[in-house]
Amino acid sequence: MTILSDFSELVQINPITTCWRWCGSKHPDGYGVIGSTPAHRVAYLLFVGPIPDGMTVDHGCQNRLCLNPAHLSLKTLEDNGRDTAPYVRTESVVSLALAENPHHGPDTLLTPAEVAQRLRVDSKTVTRWATAGRLTCIRTPGGHRRYRESEVTALGG
Ligand SMILES: [Zn+2]
């Protein structure tokens, strides 16, 4: 599944805290997002199960970028009142997460070969930069990697 390959590429596991640190897009409030959906919520749905209506996913480790399902637990919205993120309430969150991120709309998407050519590096370097969070790796529905032209331009391409 595309979203699982995104997870494995965009998550760094901290060997000490065992937190799975999300390296993809971030919400201004500090948690990870996939599309417009909180990434830890997608992680809970993928690895644990459905999130009942009225419940929110809380980080036991207080690391908002952490996606380790062992660190995530359900809380009622009252318990977690400080967290005011606009949550999507059902399992449709996964399909929403796979949908095109509106922020990517105006951007041309480049293939890894095009990125490598523009930045005059090899494609392994492009992959490494994506893993390090310097480039956002976007998966097409067919599983191909694409990169945002604006980010490539910002890196000097
Ligand atoms: Zn954690």
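Numbering follows the numbering used here, in which position 137 of the sequence shown is assigned residue number 137; successive positions increment by one, without gaps.
We put the CB at the ideal spot given by N, CA and C, even for glycine.
Remember, predicted model here, so these are calculated numbers, not experimental data.
Cβ-based neighbour list, residue i, same chain, cut-off 8 Å, excluding 5 preceding and 5 following
{"i": "Thr-18", "result": "Asn-68, Ala-70 and His-71"}
{"i": "Met-55", "result": "Leu-74, Lys-75, Thr-76 and Leu-77"}
{"i": "Leu-135", "result": "Val-115, Val-126, Trp-129, Tyr-147, Arg-148, Glu-151, Val-152 and Leu-155"}
{"i": "Ala-113", "result": "Ser-123"}
Residue i - partner residues in DSSP beta bridges
{"i": "Val-57", "result": "Leu-74"}
{"i": "Lys-26", "result": "Gly-32"}
{"i": "Pro-69", "result": "According to DSSP, which records beta bridges pairwise, Pro-69 is partnered with nothing at all."}
Spatial neighbours of residue i in its chain, beta-carbon cut-off 6 Å, leaving aside the 5 residues before and after
{"i": "Tyr-31", "result": "Pro-38 and Arg-64"}
{"i": "Val-48", "result": "Pro-69"}
Same chain, Cβ closer than 7 Å to residue i, neighbours up to 5 away in sequence not counted
{"i": "Thr-140", "result": "Arg-146"}
{"i": "Tyr-189", "result": "The question about residue 189 has no answer, for the chain in this structure spans 1 to 157."}
{"i": "Asn-14", "result": "Arg-21"}
Residue i versus residue j: straight-line alpha-carbon distance, rounded
{"i": "Arg-21", "j": "Leu-46", "result": "16 Å"}
{"i": "Ile-138", "j": "Gln-62", "result": "28 Å"}
{"i": "Gly-133", "j": "Ser-25", "result": "9 Å"}
{"i": "Ser-8", "j": "Cys-23", "result": "10 Å"}
Min CB distance residue i to chain D below 8 Å
{"i": "Lys-26", "result": "Among the protein chains of the structure shown there is no chain D, as only one such chain exists."}
*Going along the chain, which residues put their C-beta within less than 5 Å of some heavy atom in ligand 1?*
With the cut-off at 5 Å, the residues found are Cys-19, Cys-61, Asn-63, Cys-66, Asn-68 and His-71.
*Can you give, in chain order, each stretch of the alpha helix (DSSP H) that sits fully within the stretch 101 to 141 and has at least 4 residues?*
Taking only runs of at least 4 residues, the alpha helix (DSSP H) segments lying wholly in the stretch 101 to 141 are 112 to 119 and 123 to 131.
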